[in-house]
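Take a look at the structure set out below.
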Amino acid sequence: MKRLLCVLLLLCCFFSGCTGRNVEEELLVIVLAIDRIASGNVTVAVKVPANTSAAGNSEEDGQGQSGYMQLEATGHSFTDAISMLNATTPRRLNFSQVREVVIGDEAARQRDFAQLLTQIDALPRFRCSAAVIICRSSALSFAENQKPIVGMRLSRYAENTLANYAGKGFTPDTDLCAGRRDLCGSFRDPLFILGDVNDFSGADEPNAENSLSAEAGALPRQSIEAVEMFGAAATDGVSVCGYLTGYEMALLHLMGGHVEALAVQAEGAPLHVTASGPAALSVDVTSSPAVLRVDLRCEAKYPQGSQVSETAVQALLERDILSLIAHLQALRCDGVGFGQTAVRRFLTVQDWEAFGWRDVYAAAQVQVSVKVRLRGS
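In this note's numbering, the protein residues as written are -19 to 357.
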């Protein structure tokens, strides 16, 4: 028995010693940021935990990151920049704990965007379940301003924050794995989280009709947290092609059948709308132009005593969904997934490719039917 206890103690010491050495020999990357700068070069940054003394020194220099430091390098391409970063960091970079991949708008709109995602995923031990955030301005500024305002660990804070926003329905939940898959050959174009830094310098007024019709970086609010994630970046099968507001993203979640509650106002009454299930999508490719149809069933809760008609709520949602799909068509982004329905009409891949779905989709007519059941709360 004593011999067994001695062996167990030796094993504990052995494993604890290895763990300590690994932590000291590697830098755990929490956030990876990529920007294409004016010269055409690419700048890459990683946000990693700093030890106490390093964090203290950075705070004295006015660059405190609440226990985190940001390392940057520039190259002619992403591969060059990441190679320079690896060559100049004091320890080996460990990408197994990455929570966020932040890509600036200029880099995300390049024709090689899909290749960039592939190169990121090919990094050693990269955590491909990391969320992809498209920043309207500088990805490096987004990463630099991001810090845990609740708790101390940025990894846990980022994970909980992303889950919270996606659960409320104002951002997509596309990770690197799903983004790569859908951008490179799916029948539904991926939507990525839209992020930016709000400097609160402007007197942004909320949208006259719906305050949720806004994008990250310009939300009408004040907070100690300057980083915003709200809305989505749309893609057209090649790269990022435009943005969706938080309200448009919430409508997409409603059509998908998974949103906590979409807040709208009809006839002066606040309503909380939930979907009874995913919307039924159909595509008529035999007519010219093609016809896209959406059939959605919802339940809307209203305050007791309010006078609200089902017709008014249905008309409001039908109008807003029509507007959303028209916006996606203008961007040539099939973010709803009509292509998944249309492709079933074709027997071979060659027939589908010859059909020219993206052009047909952009010119198609749209019909939306929403049925709402009102219930007092």
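Where a beta carbon is used, it is the ideal one built from N, C-alpha and C, also for glycine.
Handout entry: CB of Ala342 within 7 Å of CB of Arg312, strictly
Key = When the beta-carbon positions are compared, Ala342 and Arg312 come within less than 7 Å of each other.
Handout entry: Cβ shell of Arg72 (< 6 Å), same chain only, five flanking positions each side left out
Key = So the qualifying residues of the chain are Glu6.
Exercise for the section: Name the residue from Gly47, Ala306, Ala13 whose alpha carbon lies nearest to the alpha carbon of Ile114. Expected result: Among Gly47, Ala306, Ala13, the Cα nearest to that of Ile114 belongs to Ala13.
Exercise for the section: Go to Ile17, then tell me how far its alpha helix (DSSP H) extends in each direction, as first and last residue. Expected result: Counting along the chain, Ile17 falls outside any alpha helix (DSSP H), and DSSP gives it neither H nor E.
Problem - Inter-residue Cα distance where the pair is Leu97 and Gly222 - result: Leu97 and Gly222 have their alpha carbons spaced roughly 18 Å apart.
Practice task
Alpha carbon to alpha carbon, how far is Met229 from Leu199? Give it in angstroms, no decimals.
Solution key: Cα-Cα distance, rounded: 15 Å.
Handout entry: DSSP state of Ser367 mapped onto helix, strand, coil
Key = Within the shown structure, residues of the chain are numbered from -19 to 357, placing residue 367 beyond reach of any answer.
Problem - Exposure of Val348, with buried meaning 16 or more beta-carbon neighbours within 10 Å - result: Buried is the call here.
Practice task
Just grab the DSSP bridge partners of Gly55 for me.
Solution key: Paired residues: Val22.
Exercise for the section: Report the rounded CA-to-CA distance for Asp85 versus Leu192, giving the unit in angstroms. Expected result: Answer to the nearest angstrom: the Cα atoms are 22 Å apart.
Practice task
Inspect the beta-carbon positions of Glu205 and Gly197 and report whether they are closer than 7 Å.
Solution key: Result no, Cβ atoms of Glu205 and Gly197 do not sit closer than 7 Å.
Handout entry: Coarse secondary structure for Lys148, derived from DSSP in three states
Key = Lys148 falls in the helix class under three-state DSSP.
Handout entry: Arg201, DSSP secondary structure in three states
Key = In this structure, Arg201 counts as coil in the three-state DSSP scheme.
Exercise for the section: Starting from His238, follow the alpha helix (DSSP H) in both directions and report where the run begins and ends. Expected result: Counting along the chain, His238 sits inside no alpha helix (DSSP H), nor does DSSP assign it H or E at all.
Handout entry: Which of helix, strand or coil DSSP assigns to Ser303
Key = Three-state DSSP puts Ser303 in a helix.
Practice task
Give the secondary structure of Ser349 by DSSP, where H, G and I count as helix, E and B as strand, and everything else as coil.
Solution key: The three-state reading of DSSP puts Ser349 in strand, counting E and B together.
Exercise for the section: Out of Phe172, Val323, Asn66, Leu242, state which residue places its alpha-carbon closest to the alpha-carbon of Gly149. Expected result: Ranking the options by Cα distance to Gly149, first place goes to Leu242.
Practice task
With a threshold of 16 other CB atoms inside 10 Å of the CB of Val329, please say whether the residue is buried or exposed.
Solution key: A residue is called buried once 16 or more other Cβ atoms fall within 10 Å of its Cβ, and Val329, having fewer, is exposed.
Problem - Where Glu279 falls: helix, strand or coil (DSSP) - result: Secondary structure at Glu279: strand, using DSSP grouped into helix, strand and coil.
Problem - Reference Ile17; option with closest CA among Leu51, Leu8, Gln90 - result: Between Ile17 and the set Leu51, Leu8, Gln90, the nearest pair of CA atoms involves Gln90.
Exercise for the section: Check whether the stretch 285 to 297 touches the stretch 248 to 263, counting contact only when three or more Cβ pairs, one atom from each stretch, lie closer than 8 Å. Expected result: Counting C-beta pairs closer than 8 Å gives three or more between the stretch 285 to 297 and the stretch 248 to 263, which meets the contact rule.
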